[in-house]
Each structure stands twice: as C-alpha cells, then as structure tokens.
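Residue numbers (the working numbering), protein chains in the order written: chain A, 1 to 308; chain B, 1001 to 1308.
We put the CB at the ideal spot given by N, CA and C, even for glycine.
Notes follow once the structure below has been shown.
Now the structure itself:
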C-alpha cells in the first residue's frame, strides 16, 4: 500500500479503536467519560498508535498486505490495536494534566479548548487519571488470552510512563522552567524522557504484538530513542518559527516563558543539523529490520520535515 | 499470633515494603521521588495492604503461622507484598489528587501538610500520576515469573481504580457537592465505588496471590463490598462527631460544605444501624472462608468500632 494511504489507514483504525474501546459517554459518570472522549477524540497526529500498528506489521507483513476480502489467514500473534489505543490514552492524559493551570496553563490544544477549559479543572484532573488507568485496563482486558504478552505490555507502558521517564521528564522540565536556564545535558534528559520514552514504548509494544525477537526489539528501541530526540528538536524549532494557527496550539510560548530549548541553546542552524543526525540514526536502526521497515522510515523522514 | 501483634506485623511489613519498593529519593528527579515518598510514608492505617496480606494468609496459613526461625518451607504461590504496596500507591495517589485546590482543597492529611502544601501543586499532581503508574510497574516487575497472576492483578487494580469505580466515585462525589443534595441512591453509588472498589480489590489481590478458588474469590468480593460501605458510613459518622486532632484531618468539613452524607440523610442513629448491618454482612462472608478468617473478622469489627 502506498505511504499516504497506509498512514491514513492506520489513523482511521486508531480512531475507530478509540471510539470502540473508550467507555461510552452515556455510561455513568457521563461527565467524566465525556471529558475523556473529548480529549482523546480532539484529533492529533496519532503518532504513537501509528508507530505501534506499523511496528507490528513489520513482523506480520504477509497478513497486513492482503486485501481485506481475502479469505482469513491464521491471526497474527496479537492485535496491536488495543495497546495502540492504550498508548494514545497515556499520551493524552499527559497532555491534559500538562495543560492544567498549575502546570503549563494552556487554553488551546490541537486548535480546541483544553480539557479544563471545556469542562473544569477537577473534571480534567480526573479525566487524565482515568485515561492513565484505562491504558492498563485495555491491556488486561484485551490480552487476557496471552498472559505473557499482557505482562510484557504492562511493563513497557508502566516503565515508559513512570517517574523516571515520561513523568520524570515533565518534572525536570518544570524545574528547568523555574530557574533561569537549563544546560544541554538537562535538556537532553528532559526530551529523551518526556518524548522519547513513549515513542520507544509505542515501537516496542508493536514489536511485541508482532512477535519480534530480542534483537529486533533492540533495534526498535534504538529507533525510538533517536526518533524521540529528533521529534522534540523539530518541535522546538517549530515553536520558534511557526504561528499558532498552523501549530493548532499557542506558538512562541517557549521564548515568551524564557524557556531553554534546543533553539535558544544551539541556535536554529545547529538545531536543524542535530535533528538531521538523530533522524539518520533512527533510519539506520529501522533499515536493519525485516524488509527495511519502509513505512516507518518514510514516517521518520516526514516527521523531520513536518511544519506543524 | 495474637490480633494486635499480627496487625502490627502486617503494618511493619507494609511500611518496609513501601520503603524498599519506592524509587529512592536520591534518584532523578529527586523532588518528584521525595514527594512520592512523603505522601506514602506519612502514615495512615495501611488498611488496603493489610487486607491484601491477611487475605493471602488465609490460603497460606501453614506458612504464615511458622516462626521466622523455622527452616524454609516451599514458598507460597506468590508474595502478596508488592501488590499490597501497589494498592497503597493507588490509594495514596487518589488522596494526593483529591486534596488539590481544584478538588477538596485540603491542607491537612494524616495530621501533616498535604502534598501540594509541602511541595507545590504541580509536584503533587505529578507525584500522584507517578504513584498510580508505579502500581502497575510493581505488578509487572514483581510477578514477572507468574504472568497469569500478573495479568489478574493488573486487571483487579485497573478495574478498581478506573473511571467506573474509584475515579467514578470521586467524580460523582464532586458532582453531588455542586448541587444542593444527593439522594440515598447517589450516595450509595459514590461510596460503593469511591471506597468499596479498592477495599474489594485489596482482598481479591491477596486471595489471588494465596491461590484462592473462584468461590473463595467471590466471598472475598462480597466481604469487600460490605466492608467498604461500613467503612464509609463510619467515616461520615466520625466527620460529624469527632474533632480534627483525633482524626488527623479536618473534621466537620462535610457539614460545613453542606455535603450530603449518611448522617445528614439518615441521621446518626440510622447510620449506626446501617453500618452494623454492613459489618455483619461482611462478617458472614468472611466466616465462610477457610478457618473462618479470624484476623479479617476481628479487623472488620475494629473498623466498625473505630474512633479515628
């Protein structure tokens, strides 16, 4: 399948999965479920679930390339969709909490009012808590027939989202904002953990569902780490150069907040070069996977060249 | 072992487990880990972990009654301590978030400044998030050799803590506070979920670690449901009758907030009778467990008669 169609197909599958796997807004407490759905269905790139679905497909190519009408083949080792949705739940919860007044105090996210603006602070707090919890419910419910896989996925998600990775990155980010400037080393730590941990987890979760070997999982981990850094540097560049309408969120916030970014630390040119180095390193790892992982490679290139 | 010594032994084991299983305060980000430890080590009844440890012991009686010096017997099916600590992490996270200004805005918890008072709001928010995530890390790390048990425990914890149980109860509680009065039915829903879900999960997790049968798990579930309601009614009675120093938290808050409780809805006498009925129902379920579950029965009686 051509790249753009495949990307759209993964995105559609993700959004159908989200709609199917989230509690209905008619289930009590309806306000809480409405807030969870509002935040999760407000759009976004769906990068993490797409990475998961695509990583699983590397190891299930035979199945994934068959047209839908084809008679059923043996099922792949496990459907990566529930854990892909779980990853998007964790990503979304982190944004909902990050937007709260006591954190970044952001009014706009993906071009729409943030959860606490649309509902209220308490509802947004609880909706975030519930999305994080739902991620683990989804794993326990949907991989119940493969306990070892469920265990591996619980481990991947909980480590990536934990106090030394995702939350750790947010905490250090917060501390860095409170002092005058962060060092290059601190900035790498923040970005490696705040962004890289979950991108890596997305690739690893997909690899696990597809039945990747330990060596292949290591390559996915390498790719995720470099992809995460590249992604974050490009984010910093865009915050400094794009406008809010294009970004769908408040632009220029970093500079206004006097925040240290790759751009303030290294300048625009060096940031561009650093992003390119990290992108190349991610591509080198992907290239060593079965079939050379053409979809993920193209996605990696596109992310480096993105404008929003 | 005599009840009081056994209770103290479970509590000590829990507190040693917490200290051992939480990230050290010297690990980066140190402020986040310090806040997690502050909240978790600030005391409390340790009711949930004690329920877990005691429930496991019902099915491992032979082992639990041996003095420590005895030569090692075959290990019980799984050590309940990590999941006991995981339950306390979830309970504590829910308190940390519940105390935040956008929720109950409480300054005092267990006789000490609440997490956001001791640190700040953002740190408390992230510490709560990290404690919830840690619960699932502990399960994935410490039950790695028994994937089916790890899966069952992930399911028990994530369902009990989810949007239709623990968080659902908190959300409906919040909504009830915003209108003039809650009905008896709404109040039952809130308390059944806000308190009962995690007490039941604690008993079920212990039962699973001890190797309880499905019938025995059902009895533990019954006991937990009734225990949860009894516990909450007694809480309401104490809020109306005890003082802050005895409670270790602000007393009389419910009345001041015009909040509907069992006491405002049914009066003190009827609340006492209702608590007794629920206590008796819990005892009836416990009585049908192997050996009659004397420790848990006594604990249930003590909880009904508690003064703080």
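Residue 10 of chain A sits away from residue 40 of chain A, with the two beta carbons spaced by 8 Å or more.
If you ignore the 5 residues before and after residue 231 of chain A, its C-beta comes within less than 7 Å of the C-beta of 195, 199 and 303, all in its own chain and listed in chain order. The alpha helix (DSSP H) runs lying completely inside the region 128-195 of chain A and spanning 4 residues or more are 147-160, 166-178 and 184-191, given in chain order. In this structure, DSSP gives residue 1022 of chain B a state outside helix and strand, which the three-state scheme calls coil. Against chain A, the CB of residue 1134 of chain B has a partner CB under 8 Å away; the residue lies at that interface.
Scanning its chain for C-beta atoms nearer than 8 Å, with the 5 sequence neighbours on each side dropped, one finds no residue around residue 277 of chain A.
Taking CB atoms only, residue 1083 of chain B has no neighbour in chain A less than 8 Å away. Contact annotation: in the region 22-49 of chain A, residues whose CB is within less than 8 Å of a CB in chain B are 23, 27, 28, 29, 31, 32, 33 and 36. Look at the beta carbons and you see the region 133-148 of chain A touching the region 1148-1161 of chain B: at least three pairs across the two are nearer than 8 Å. Contact between the region 207-222 of chain A and the region 273-290 of chain A is present: 3 or more CB-CB pairs across the two stretches fall below 8 Å. When Cβ pairs closer than 8 Å are counted between the two stretches, the region 121-132 of chain A is seen to touch the region 75-93 of chain A, the count reaching three or more. Contact holds between the region 1179-1187 of chain B and the region 1255-1274 of chain B, because three or more Cβ pairs, one in each stretch, are under 8 Å apart.
At a Cβ-Cβ threshold of 8 Å, residue 100 of chain A and residue 116 of chain A count as neighbours.
Pairing residue 1306 of chain B with residue 1202 of chain B gives a Cβ-Cβ distance that is not under 8 Å. When rounded, the separation of the alpha-carbon atoms in residue 1035 of chain B and residue 1 of chain A is 50 Å. At a beta-carbon threshold of 8 Å, the residues of chain A lying near residue 1167 of chain B are 32, 126, 129, 130 and 133, ordered along the chain.
Residue environment: residue 82 of chain A is assigned as buried (16 or more neighbouring CB atoms within 10 Å of its CB, all protein chains considered). With contacts defined by Cβ atoms closer than 8 Å, residue 1156 of chain B and residue 1205 of chain B form a contacting pair. Remark: C-beta atoms of residue 1014 of chain B and residue 1088 of chain B approach each other more closely than 8 Å.
Annotated three-state conformation of residue 1041 of chain B is coil, per DSSP.
In chain order, 1278, 1281 and 1282 place their CB closer than 6 Å to the CB of residue 1226 of chain B, counting only its own chain and leaving out the 5 sequence neighbours on each side. Closest option to residue 43 of chain A, judged by alpha-carbon separation, among A/233, A/18 and A/5: A/18. Bounds of the alpha helix (DSSP H) holding residue 295 of chain A are 294-304.
If you ignore the 5 residues before and after residue 78 of chain A, its C-beta comes within less than 7 Å of the C-beta of 143, 146, 149 and 209, all in its own chain and listed in chain order. Looking from the CA of residue 174 of chain A, the closest CA among B/1031, B/1299, B/1020 and B/1027 belongs to B/1031. Not a single CB atom of chain B sits nearer than 8 Å to the CB of residue 96 of chain A. Rounded to whole angstroms, the separation of the alpha carbons of residue 1023 of chain B and residue 1171 of chain B is 30 Å.
Residue 12 of chain A and residue 301 of chain A have their alpha carbons spaced roughly 21 Å apart. Using beta-carbon distances, residue 1159 of chain B counts as an interface residue toward chain A, with a partner under 8 Å. Taking the Cα positions, residue 56 of chain A is about 14 Å away from residue 85 of chain A. Taking every protein chain shown into account, the CB of residue 1165 of chain B has 16 or more other CB atoms within 10 angstroms, so this residue is buried. Close CB contacts of residue 1295 of chain B within its chain, under the 7 Å cut and outside five residues either way in sequence, are with 1003, 1006 and 1054 (chain order).
The C-alpha of residue 110 of chain A lies about 19 Å from the C-alpha of residue 233 of chain A. Residue 170 of chain A belongs to the set of residues whose beta carbon lies under 8 Å from a beta carbon in chain B.
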